[in-house]
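Participant: With the numbering used here, letter number 10 in the sequence shown gets 53, and the count goes up by one each step, no holes. For glycine and all other residues, C-beta sits at the position ideal for the given N, C-alpha and C. This is the structure I have questions about; it appears just below.
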Amino acid sequence: MVKVTYDDRHKRVYINKRQYFSGVVPEVWGFHVGGYQVCDKWLKDRKGRKLNYDDITRYQKIVIALRETIKLMEGIDKRES
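Listed below in structure tokens is the structure:
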């Protein structure tokens, strides 16, 4: 993995010029926990190495978990208002 960039128009996270994760909505990409942008930090922590199958699967699970977390938070906010 060389450089992490996000394309919000196509909802893609590029890990190099040709490879990317698709379907990452801006809300998930920008989600912060403890001051860290989760999706970006996880990938940058692996910069300079090739992602293996387990890494790719784990990242996809992180994206799904964040998407579900955002849905739950929105549901809680609706109930509180």
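Can you tell me where the alpha helix (DSSP H) holding Val67 begins and where it ends?
Facilitator: Position 24 of the sequence shown, counting from 1, holds the residue named residue 67. No alpha helix (DSSP H) contains Val67, which DSSP labels as neither H nor E.
Participant: Taking only runs of the beta strand (DSSP E) that begin and end inside the stretch 85 to 121, which ones reach a length of at least 3 residues, in chain order?
Facilitator: None, since the stretch 85 to 121 contains no complete beta strand (DSSP E) of that length.
Participant: To the nearest angstrom, report how far apart Leu115 and Glu70 are at their CA atoms.
Facilitator: Here the question's residue 115 lines up with position 72 in the sequence shown. Here the question's residue 70 lines up with position 27 in the sequence shown. In a straight line, the C-alpha of Leu115 is about 13 Å away from that of Glu70.
Participant: Leu94 to Lys121, Cα distance in whole Å?
Facilitator: Looking up residue 94 in the sequence shown gives position 51. Looking up residue 121 in the sequence shown gives position 78. Going by the C-alpha atoms only, they are around 39 Å apart.
Participant: Let me make sure I understand the geometry here. Which of Asp83, His75, Gly78, Phe74 has the alpha-carbon closest to that of Val56?
Facilitator: Numbered from 1 along the sequence shown, position 13 holds the residue referred to as residue 56. Ranking the options by Cα distance to Val56, first place goes to Asp83.
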